[in-house]
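Read the structure below first, then the notes.
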Amino acid sequence: MRKQVSRLTPDVISAIVERYETDRLVLSTPYADGSTEHLKVRLQDGLINQMENGDAMAARYAIWANTVRDNIIAGMNALKAGEPTEGYRHLIRAANSLSAFSDAQAYLDPLNIGKRS
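Using this note's numbering, the letters of the sequence shown correspond one by one to residues 21 to 137.
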């Protein structure tokens, strides 16, 4: 399988970051919505692919990121609807998934910067 040449340049990075640097919610569109389900499985798929130097790592992490995002949106909507228990459940799931990603990166970091829990 041939590797694709990256079309990501510093200018494209700047444009992407600028698009999302706002106080309003902007949804990404390159990958399907993550929904609020399968948060753990999607993170595990990304980590395993990263560990194995797999070609699908970026796509798997993008789908996991959309799942984290969708949990945050569900949490915000539940809070707005006066359902704090449901809202915080989604927000805590999202925060914990981000923490799990960070913890796992400490094991995969070639520079060994992170502390392993």
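Cβ atoms here follow ideal geometry from the backbone N, Cα and C, with glycine treated the same way.
Buried or exposed, going by whether 16 or more other CB atoms sit within 10 Å of the CB of residue i?
| i | result |
| --- | --- |
| Ala35 | exposed |
| Gly66 | buried |
| Asp129 | exposed |
Which residue's Cα is closest to the Cα of residue i: the options?
| i | options | result |
| --- | --- | --- |
| Asp53 | Val88, Glu106, Arg109, Asn132 | Val88 |
| Glu57 | Leu99, Asp129, Ile83 | Ile83 |
| Pro50 | Arg27, Glu38, Asn86, Gln70 | Asn86 |
Where does residue i sit, in a helix, a strand or coil, going by DSSP?
| i | result |
| --- | --- |
| Met21 | Residue placement at Met21 is poorly supported in this model, since its pLDDT is 48, which falls under 50; the coordinates are not used for a value here. |
| Val61 | helix |
| Arg136 | coil |
| Thr87 | helix |
Roughly how many whole angstroms lie between the Cα atoms of residue i and residue j?
| i | j | result |
| --- | --- | --- |
| Asn73 | Tyr40 | 29 Å |
| Asp43 | Ile92 | 15 Å |
| Gly187 | Ala76 | With the chain covering 21 to 137 only, the question about residue 187 has no answer from this structure. |
Should the region 55-64 be called in touch with the region 109-118, which here means at least 3 C-beta pairs below 8 Å?
yes
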